[in-house]
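**Q**
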Amino acid sequence: MRYISTRAKGDDYFSASDAILKGLAPDGGLFIPEHIPSIPESFTLTEGAWYAMYQALLPFFEGDELENDLEEICRNAFSFPVPFHADGGKDTLELYFGPTAAFKDFGARFLAFSMEKLLRNRNENLTILVATSGDTGGAVASAFHGREHLAVKVLFPEGRVAERQHMQLTGWDGNVSSYEVDGTFDDCQRMVKEAFMDESLHDLSSANSINLGRLLPQMAYYVYASSIYKLRYGKDPVFIIPSGNVGNATGAYWAKAMGAPISRIVLACNANKPITDYLSTGHYEPRASIKTLANAMDVGAPSNIERLFALFPDIEAFRANVSAYSVSDEDIKRTIKEVYDESGYVICPHTACGERVRRDHVREENSVVVSTAHPAKFNDIVEPLIGREIAIPKNLYEIMHKPSRAEKIEADYHLLFS
Ligand SMILES: *Cc1c(COP(=O)(O)O)cnc(C)c1O
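Numbering-wise (this note's numbering), the sequence shown opens with residue 9 and increments by one.
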């Protein structure tokens, strides 16, 4: 299996391992498979979620340095359940049983275990720099904690992350260091960029959501979940996916292209509308992000959009395959309350965008809203709406009770290396 850049003109090919270690293609594009493979004939659900995901990933690593290690990487990375909240066919897929209670754990953990193996083979070391305004940093810190040959430096703006996010960013020791920067999120991002440009610094890398190693697991759980759904109901579900950088949704499109039983894919967006506007006007315009209650989706210029454009190159193809709807903050609040009042089920603000889109725009009986995070992560928003406290799940509880350590620094990247 070979990979190319979304911007490729000639014939520059990369292995999966190269793509994972590089992150971004040399021409600035994103890595995509030369062609999307089919689900292997031997695919089985009988060995559980992690094994099904391993089989879905295998053709993407055919002939790769990691091929023989893939089974062990998947067993380690996907070591938590992937359950459905069943509701007569209008189900919810709960992707939040990883260590930081959001779907990003799948990708971050797969990337960490894959990088560890590749660096061990090469006897090399890497330092991962992450600037975060909240969610991503916690998933990356947790995934890379304790991985050999890897160190992580997490930068976040002082006083601007929520209390529970702060705990997830600072509850680490050993190879993970946290820096509370006297500045904004933009300062943190600038520091990371400057460090990458400093030629006296070596062996730096990133772990952001465009890395192939973070995207592929998101394909794999759609192959698993759609197959389970089909087995249970005998029908192909519509997947409704809360989206920001559209990495999660791209995984679903790849799964569908592999032959997974998915009838169609619908994107649920918040008030950030680059994709819904593209569908209505035919002009794609990246823009500044708007702050909403579903803050992990506050994205005005989706970083994975080039991968969707590679699948659906013109507006007709895009419209034929992509539906997207925008959900306001008022509707997010209303939906959290409505769902709780009806059934006692508690959902996070991102998942609420998906549920609103299901209720207002999806006519099919067979649908799955993808629940991207545990509601306890957003207790300050959700608890006042439902009028009670949300029990903290074990995975979050464990992180929240680790001692917090962070170094306070000025917004100067040199201080990360002194
Ligand atoms: C990252 C994130 C999203 C958005 O996923 P994309 O892959 O960026 O589209 C949605 N919900 C939660 C909770 C997230 O952390």
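Using N, Cα and C, we set each Cβ at its ideal position, and we do this for glycine too.
Would you kindly check if the distance between the Cβ of residue 65 and the Cβ of residue 220 is under 8 Å?
**A** Reading the sequence shown from its first residue, position 212 is the one you call residue 220. Reading the sequence shown from its first residue, position 57 is the one you call residue 65. Their beta carbons are not under 8 Å apart, which means residue 220 does not touch residue 65 by this criterion.
**Q** Classify residue 399: buried if its beta carbon has 16 or more other beta carbons within 10 angstroms, exposed otherwise.
**A** Here residue 399 is taken as the residue at index 391 of the sequence shown, counted from 1. Looking at its Cβ environment, which holds fewer than 16 other Cβ atoms inside 10 Å, residue 399 is exposed.
**Q** Taking contact to mean at least 3 C-beta pairs separated by less than 8 Å, is the stretch 144-163 in contact with the stretch 184-201?
**A** yes
**Q** Using a Cβ-based criterion (distance less than 7 Å to any ligand heavy atom), does residue 278 qualify as near ligand 1?
**A** Reading the sequence shown from its first residue, position 270 is the one you call residue 278. No, Cβ of residue 278 sits at least 7 Å from all heavy atoms of ligand 1.
**Q** Buried or exposed for residue 282, going by 16 or more other Cβ atoms inside 10 Å?
**A** Here residue 282 refers to the residue found at position 274 when the sequence shown is read from its first residue. Result: buried.
**Q** By the three-class DSSP mapping on this structure, what secondary structure does residue 161 have?
**A** For the purposes of this step, residue 161 is identified with residue 153 of the sequence shown, where counting begins at 1. Reduced to three states, the DSSP call for residue 161 is strand.
**Q** Residue ranges of each alpha helix (DSSP H) run of no fewer than 4 residues wholly in the stretch 247-330, ordered along the chain?
**A** Residue ranges of uninterrupted alpha helix (DSSP H) with 4 or more members, entirely inside the stretch 247-330 and ordered along the chain, are 255-265, 282-289, 313-319, 323-329.
**Q** Provide the residue span of the beta strand (DSSP E) that contains residue 11, from first to last.
**A** The residue you call residue 11 lines up with position 3 of the sequence shown. Residues 11-13.
**Q** Output yes or no for whether 8 Å exceeds the beta carbon distance between residue 251 and residue 276.
**A** Reading the sequence shown from its first residue, position 243 is the one you call residue 251. Reading the sequence shown from its first residue, position 268 is the one you call residue 276. Yes, they are a contact pair.
**Q** If I measure Cβ to Cβ from residue 394 and keep anything under 8 Å in the same chain, skipping five residues before and after, which residues do I get?
**A** Counted from its first residue, the sequence shown places residue 394 at position 386. 344, 345, 348, 354, listed in sequence order.
**Q** What number of angstroms, rounded off, separates the C-alpha of residue 372 from the C-alpha of residue 240?
**A** Stepping through the sequence shown from its first residue, residue 372 is reached at position 364. Stepping through the sequence shown from its first residue, residue 240 is reached at position 232. Rounded to the nearest angstrom, the two C-alpha atoms are 17 Å apart.
**Q** Check whether the Cβ atoms of residue 235 and residue 103 sit closer than 8 Å, and answer yes or no.
**A** To locate residue 235, count along the sequence shown from 1; it is residue 227. To locate residue 103, count along the sequence shown from 1; it is residue 95. No. Outside cutoff.
**Q** Would you kindly check if the distance between the Cβ of residue 38 and the Cβ of residue 312 is under 8 Å?
**A** Looking up residue 312 in the sequence shown gives position 304. Looking up residue 38 in the sequence shown gives position 30. With respect to residue 38, residue 312 sits close: the two C-beta atoms are nearer than 8 Å.
**Q** Given this structure, state the Cα-to-Cα distance separating residue 44 from residue 259, to the nearest angstrom.
**A** For the purposes of this step, residue 44 is identified with residue 36 of the sequence shown, where counting begins at 1. For the purposes of this step, residue 259 is identified with residue 251 of the sequence shown, where counting begins at 1. Near 11 Å, if we compare the C-alpha coordinates of residue 259 and residue 44.
**Q** Do the CB positions of residue 267 and residue 81 come within less than 8 Å of each other?
**A** Residue numbering aside, residue 267 sits at position 259 when the sequence shown is read from its first letter. Residue numbering aside, residue 81 sits at position 73 when the sequence shown is read from its first letter. At the C-beta level, residue 267 and residue 81 stay beyond 8 Å of one another.
**Q** Examine the Cβ distances between the stretch 190-197 and the stretch 209-220 and report whether three or more of them are shorter than 8 Å.
**A** no
**Q** Start and end of the beta strand (DSSP E) containing residue 397?
**A** Working through the sequence shown from its first residue, we reach residue 397 at position 389. Run containing residue 397: none; DSSP gives neither H nor E here.
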